[in-house]
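Heads up: the sequence shown begins at 20 in my numbering, then just goes up one per residue.
For each residue, glycine too, the CB sits at the ideal point set by N, CA and C.
In this text the structure is predicted, and so the values were computed from the model without any measurement.
Reviewing the structure listed below.
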Amino acid sequence: MAGLFITLEGGDGSGKSTQSRILVEWLEQSGRTVVVSREPGGTDLGLELREIVLHRRGEIAPRAEALIYAADRAHNIATKVRPALERGDIVVQDRYLDSSVAYQGAGRVLGGDEVREVSLWATEGLLPDLTVLLDLHEDAGKGRLADSRTRYDRLEAEATEFHGRVRAGYLELAAVEPERFLVLDARDTVEAISDAIRARVEALLSN
Ligand code: TYD
20 MAGLFITLEG GDGSGKSTQS RILVEWLEQS GRTVVVSREP GGTDLGLELR EIVLHRRGEI
80 APRAEALIYA ADRAHNIATK VRPALERGDI VVQDRYLDSS VAYQGAGRVL GGDEVREVSL
140 WATEGLLPDL TVLLDLHEDA GKGRLADSRT RYDRLEAEAT EFHGRVRAGY LELAAVEPER
200 FLVLDARDTV EAISDAIRAR VEALLSN
């Protein structure tokens with residue numbers, strides 16, 4: 020596959036969407052074709068699944084939750100991301116399988132390895148070329164969200180301990196695959212973070 024698959028990860032309110040927007044603008048200005056996606060909800064089917072998994076009233080069993088994210092992911096990769104990569108485009112995506120390992124594996128305590136296996140089956144083994152992890156202390160994330168929004172989704176509404184496990188899960192993943200991950204402190208300025216991302220992407224593009 021000739022394209023480049025870049026994913027952004029981090030706790031809720033870590034600034035992923037701001038960084039994604041800056042990265043996409045820069046790539047497009049330098050003449051690249053960029054496809055933007057996100058999980059959950061990068062496709063029409065994904066939007067329906069997103070509504071269920073984030074806003075359904077009432078219980079969703081942890082394994083059912085993990086499988087809804089996996090279904091969204093399978094469809095997004097098969098119908099949107101793989102075709103884009105095969106065309107040679109750059110895909111910039113908000114969240115991917117590392118979110119499932121961190122939120123369902125570590126947060127919901129389903130076990131990271133099994134959750135990762137489910138995602139790899141769902142995507143026929145597709146891993147990103149680069150994953151940017153915007154690392155944010157769990158207390159700081161909630162503070163930022165509270166400033167900007169009044170309605171929490173099902174995952175955001177979880178307790179601080181849940182988000183602590185999510186953060187630890189992410190850092191563990193980054194430690195296992197240091198060549199795929201770029202870990203940045205989400206408390207840095209927007210500009211410092213976007214500069215660091217750009218430098219890493221430039222290096223990948225010149226390879
Ligand atoms: P997102 O739309 O990225 O929300 P935010 O802007 O708050 O980061 O993601 C929605 C929620 O879904 C978020 O709380 C993380 C959660 N999530 C999982 O639990 N597992 C997953 O596999 C994915 C992709 C997201």
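- If only uninterrupted beta strand (DSSP E) runs of at least 3 residues are considered, those enclosed by the segment 120 to 179 are 149 to 154.
- By the beta-carbon neighbour count (other beta carbons within 10 angstroms, threshold 16), L129 is buried.
- Cβ-Cβ separation between D108 and L223: approximately 14 angstroms, too far for a contact (criterion under 8 angstroms).
- A contact between stretches requires three or more CB pairs, one per stretch, nearer than 8 angstroms, and the segment 183 to 198 fails this requirement with the segment 33 to 50.
- Residue environment analysis places H74 among the exposed positions, since fewer than 16 neighbouring C-beta atoms fall within 10 angstroms of its C-beta.
- Between R106 and P59, the C-beta gap is not smaller than 9 angstroms, which leaves the two residues out of contact.
- One residue after another in chain order, those with a Cβ under 5 angstroms from a heavy atom of the ligand TYD are D31, E58, Y88, R114, S118, S119, Y122 and L174.
- Put simply, the backbone Cα of D91 is about 12 angstroms away from that of V137.
- Residue G131 holds the alpha-carbon nearest to the alpha-carbon of R82 among A178, G131, E143 and E28.
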